[in-house]
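K.L.:
One structure is given below, represented as structure tokens, and several questions about it will come after.
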Amino acid sequence: IGILQGELSTGNIAEFIIYVNMLTWPVTALGWITSIIQRAAASQKRVNEFLHTKNDIVSEKNVEKEISGDLIFENVKFTYPDSGIEALKGVSFNVEAGESIAIIGTTGSGKSTIANLLCRMYDTTSGSVKVDGLSIKDYSLSTIRGNIGYVPQDVFLFSETIADNIAFGNQKLSEAQIRQAADHADLTENIDRFPKGFQTMLGERGITLSGGQKQRVSIARAIAREPKILIMDDCLSAVDTKTENSILNSMKKIMVDRTTVIISHRVSSAQLADKIIVLDDGKIVEQGSHEELISKEGTYQSLYQKQIQGEELAAN
């Protein structure tokens, strides 16, 4: 008012502006902090809900012992609790320690559900899953999951070096062990092309690498742990046929004396396995070796012919 009436001098006006500025920034900061506190409170509420959630997957006997890798599925049925979808309908098979099995089927046939049950992400609705003759529910979770090397279909890499991503879960690995795991995953040649090699920093979720390279880092991570049971859940879907064959040839070395479960929709990935089961709508429709199934006029032979023809057309 004094300014409008011309009662203040130039010096007083300058002082007034300074006082206004001194008041404006604290008020602005107060509003900003209040907004942050409200957002933090909402976030903390969601975090608390997660932290207070009880785990339904618990050990019944907490058995801790060395695992050889014998796997038995006995009339396993499973329905997802959230959606009510019946994923497995009376699935039975067995794999002896050191053997390999391929699980083939189209999308939604129940392949990944078997991997989830083996890792005890879920428990069966009925039937049983046994490891070395004991129910998987009897083992402690650390024993089961510590003896499994799992290569998921959806790869997650951290914003760390390639070496740290391969060694994730076992920081005691030496450089030689990390390089050996990368060799088995057919990855070393690609890594050596980077200026910093294994010390190359990856972007968020491994954005520095291509899809195929990310999957091979994930494979190397699982191999580096030297697990008794290796599960590969359609992990070669992002690599071309030539790279896939190269990886599979390398995998022959690490599959020796290790129970291997190869889950795939590609018949080419299944040929390495000692036995193959074909899933359709949650049921086993065929099982046997590659030679036995290819001689039958069934689902496996049909998939094989379609994929071979597709590769020939792509080559042409």
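The sequence shown begins at 7 in our numbering and counts up by one.
We put the beta carbon where it would ideally sit given N, CA and C, even for glycine.
1. My understanding is that I283 touches I107, with C-beta atoms under 8 Å, so please give their C-beta distance in whole angstroms.
2. Using DSSP bridges, identify the partner residues of T194.
3. Is the number of C-beta pairs between the region 183 to 192 and the region 299 to 307 that are closer than 8 Å three or more?
4. To the nearest angstrom, report how far apart N122 and E181 are at their CA atoms.
5. Ordered along the chain, which non-local residues of its own chain (more than five positions away) have a Cβ less than 6 Å from that of V82?
6. Name the two residues that bound the continuous alpha helix (DSSP H) containing P114.
7. Using the C-alpha atoms, what's the distance from P201 back to L236?
8. Would you call G6 buried or exposed, if buried means 16 or more other Cβ atoms sit within 10 Å of its Cβ?
9. Output the distance between the C-alpha atoms of E102 and I142, rounded to the nearest integer angstrom.
10. Candidates I197, I150, S148 and R151: which alpha carbon is nearest N171's?
11. Near T305, what residues of its chain come up, given a Cβ to Cβ distance below 8 Å and the 5 sequence neighbours on each side ignored?
12. When you compare the region 54 to 67 with the region 248 to 257, are there three or more beta-carbon pairs, one atom per stretch, that lie closer than 8 Å?
13. Apart from the five residues just before and just after S165, which ones in its own chain have a Cβ nearer than 7 Å to its Cβ?
14. Please report the straight-line C-alpha distance between D263 and G218, rounded to a whole angstrom.
15. Can you tell me which of the three DSSP states K83 falls into?
16. Rounding to the nearest angstrom, what Cα-Cα distance links V267 and C241 in this structure?
17. Kindly identify the DSSP beta-bridge partner or partners of I235.
18. Tell me which residues share the same chain as K136 and place their Cβ nearer than 6 Å to its Cβ, disregarding the 5 neighbours each side in the sequence.
19. Is it right to say I39 is buried, meaning 16 or more other beta carbons lie within 10 angstroms of its own, or is it exposed?
20. Considering only DSSP beta bridges, list what V101 is partnered with.
21. Are D239 and S118 closer than 8 Å when you measure CB to CB?
22. For a test of the three-state rule: what should DSSP assign to D88, helix, strand or coil?
23. Apart from the five residues on each side of it in sequence, which residues of its chain come closer than 7 Å, Cβ to Cβ, to A187?
24. Looking only at C-alpha atoms, which of K220, A276 and R151 sits nearest to L124?
25. So what does DSSP say about M28, is it helix, strand or coil?
26. Just how far apart, CA to CA, sit K220 and I260?
27. Since S115 and G288 should fall inside the 8 Å C-beta cutoff, what is the C-beta to C-beta distance between them, to a whole number of angstroms?
28. Let me check understanding here. Comparing Cα to Cα, which of A47, R126, P87 and A48 lies closest to S146?
29. Would you kindly check if the distance between the Cβ of L163 and the Cβ of G212 is under 8 Å?
P.N.:
Looking at the coordinates:
1. Right, their Cβ atoms sit about 7 Å apart.
2. Paired residues: none, contrary to the question.
3. No: the two stretches stay apart, fewer than three of their Cβ pairs being nearer than 8 Å.
4. Roughly 31 Å separates the two Cα atoms.
5. The beta carbon of V82 sits closer than 6 Å to the beta carbons of L94, V97, T130 and G133 from its chain, once the five residues preceding and following it are set aside; these are given in chain order.
6. A small correction: the amino acid at residue 114 is Gly; Pro does not occupy that position in the sequence shown. For G114, there is no enclosing alpha helix (DSSP H), as DSSP marks it with neither H nor E.
7. Whole-angstrom Cα-Cα distance: 32 Å.
8. Because the chain here runs from 7 to 322, residue 6 falls outside it and cannot be looked at.
9. Between the alpha carbons of E102 and I142 lies a gap of roughly 15 Å.
10. Checked all of I197, I150, S148 and R151; the closest Cα to N171 is I197.
11. Excluding sequence neighbours, T305 sits near V284, D286, V291 and E292.
12. Too few Cβ pairs lie closer than 8 Å, so no.
13. Taken in chain order, the residues that qualify are L208, G209 and E210.
14. About 27 Å.
15. Of the three classes helix, strand and coil, the one that applies to K83 here is strand, per DSSP.
16. Using only the alpha carbons, I get a separation of about 12 Å.
17. Beta-bridge annotation (DSSP): I235 is paired with I154 and T265.
18. Contacts found: I78.
19. Its Cβ having fewer than 16 others within 10 Å, I39 is exposed.
20. Bridge partners of V101: L77.
21. Yes, the pair counts as a contact, with Cβ atoms nearer than the cut-off.
22. Correct three-state label for D88: coil.
23. Cβ contact annotation for A187 (same chain, cutoff 7 Å, sequence separation greater than five): I172, A226, I229 and A230, in chain order.
24. The residue with the shortest Cα to Cα distance from L124 is R151.
25. In the structure shown, M28 sits in a helix (DSSP, three-state: H, G or I).
26. Distance between the alpha carbons of K220 and I260 is about 20 Å.
27. Contact between S115 and G288 is confirmed by a C-beta separation of about 7 Å, below the 8 Å threshold.
28. For S146, the nearest C-alpha among the options comes from R126.
29. Less than 8 Å separates the beta-carbon of G212 from that of L163.
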